[in-house]
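Here the structure comes first, spelled out in structure tokens, and everything after it is commentary.
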């Protein structure tokens, strides 16, 4: 056996114990890729359901669902704060062989997630109405948006528990069980959303008539999501109570232990504020798009009106872009888990090697998807919407994103890897600086001031992510992320 292969097998406990680097990457990344692909497909399905609603409400429904996607992003940010703290600490515990500490962190993360989910639910309920005004939606789209967000809020405590439990399992090296749970959750989500929305789906010349008579439209789509969160939380709790290799949820670990809560929070709070900073910055992006829509309506002589469809075009492009991100996200989580466990085992060079290997793999996969976005933009757009404004704009946006996939891959893997090792303060600082000092000013100048419109906004968004990739790489080379947490 070579010295390199000896170094590959230094993780002392958990599902990755004894695995080589490449074996661990594949073991971790493939289930996460499946899990994230299914989640993205649900988002795609939601937009397809909205696009299949009665013709007179399609545009306001898609605009509402589009902004609702940003709420979905906020939900992910909010609930993953607890999860990333659990993931990083459990990864270190598994690497060092401290199983007791890993179980203690698991119990505290579930308790903290439940309480935090309740807080998020309350915030969403009261923020729904102001958000529609901020994004300058039409009155009808605003009404749909408020209903959509408030139904989602009901499922927030369950969503938080499901997410924290899944990320804790990721930290232990088990990504298969969370992926299986995700399959069930997404089947429930799609079926219930379709049944409750009343959408009749068209697939070419074939029409799938909805046999149910609920016709709740946008509310029905949100009901599917909340039901899925509840099912997912119950399934994840079942997995954790039964236990996996060296990790099990025990009742005695659910009661508050301030020292453990603080360790989770010390990692999770910067992670939350990183996501929140980026999310709020992108709310301004939505406001810029709303301003562009108003300007277009004014230039067409429609005083007091809003050009409908721009928000929908933006979100359709984001939907396909998010699919291209899946390999980077999955491989980034694998990089973070591996680096965290290698650091727990005292193997700094192996941690660095794991991140480098994962980065090159993500670049290869995401660049391939970028070619599809560049050359098949019209086809991808038509899958979701046949509206003329979407057919005109979305392929242009996908072209811009496709060209920049290499930089996206580098940014995603380094960001996830740093977070997985607990270096969330620096990911917060880098993301906030890049979002507020680069993304927003350039988007305003190109999109609104210079009149390049939605395409100009996307030039700014994609260019900023390339700069952020460089900043994360600099942090990786600095090496401050290897410290104890």
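Residue numbers (our numbering): 253 to 737. Glycine residues also receive a C-beta, built at the ideal position from the N, C-alpha and C atoms. Since this is a predicted model, take the numbers as computed values, not measurements.
Collapsing the DSSP output to three states places residue 656 in coil. When the beta-carbon positions are compared, residue 583 and residue 665 come within less than 8 Å of each other. No Cβ-Cβ contact shorter than 8 Å links residue 453 with residue 468.
With 16 or more other CB atoms across the displayed protein chains lying within 10 angstroms of its CB, residue 330 is buried.
For the set 613, 654, 701, 606, the Cα lying nearest the Cα of residue 728 is the one of 606. Distance from the CA of residue 537 to the CA of residue 696, rounded to the nearest whole angstrom, comes to 8 Å.
As for any beta strand (DSSP E) of minimum length 3 sitting wholly inside the region 432 to 512, the runs are 453 to 455, 458 to 460, ordered along the chain. Taking a contact to require three or more Cβ pairs closer than 8 Å, the region 664 to 679 and the region 587 to 596 qualify as touching. A distance below 8 Å between beta-carbons, with the five flanking residues on each side excluded, links residue 429 to the following residues of its chain, in chain order: 421, 491, 496. Residue 703 sits in coil when the DSSP states are folded into three classes, being neither helix nor strand. The distance from the Cβ of residue 516 to that of residue 357 is about 7 Å, consistent with a contact at the 8 Å cut-off. In terms of Cβ geometry, residue 324 and residue 342 do not form a close pair [threshold 8 Å].
For residue 306, no alpha helix (DSSP H) segment is defined, and its DSSP state is neither H nor E. Residue environment for residue 730: exposed (fewer than 16 other C-beta atoms within 10 angstroms of its C-beta). Here residue 657 is not near residue 387, since their CB atoms are 8 Å or more apart.
Between the alpha carbons of residue 286 and residue 550 lies a distance of about 45 Å. With fewer than 16 other beta carbons inside 10 angstroms of its own, residue 435 counts as exposed.
If you look at residue 372, you'll find it in the alpha helix (DSSP H) that goes 351 to 386.
Shown here for residue 276: same chain residues with a beta carbon closer than 6 Å to its own, the five before and five after excluded, namely 268, 590 in chain order.
Per DSSP, residue 271 is not a residue of any alpha helix (DSSP H), being assigned neither H nor E. The residues 662, 666, in chain order, have a CB closer than 7 Å to that of residue 725 in the same chain once the five nearest residues on each side in sequence are set aside.
The C-alpha of residue 426 is placed about 23 Å away from the C-alpha of residue 294. With a cutoff of 8 Å on beta-carbon distance, residue 652 and residue 704 are scored as not near each other. DSSP places residue 572 inside the alpha helix (DSSP H), whose first and last residues are 562 to 596.
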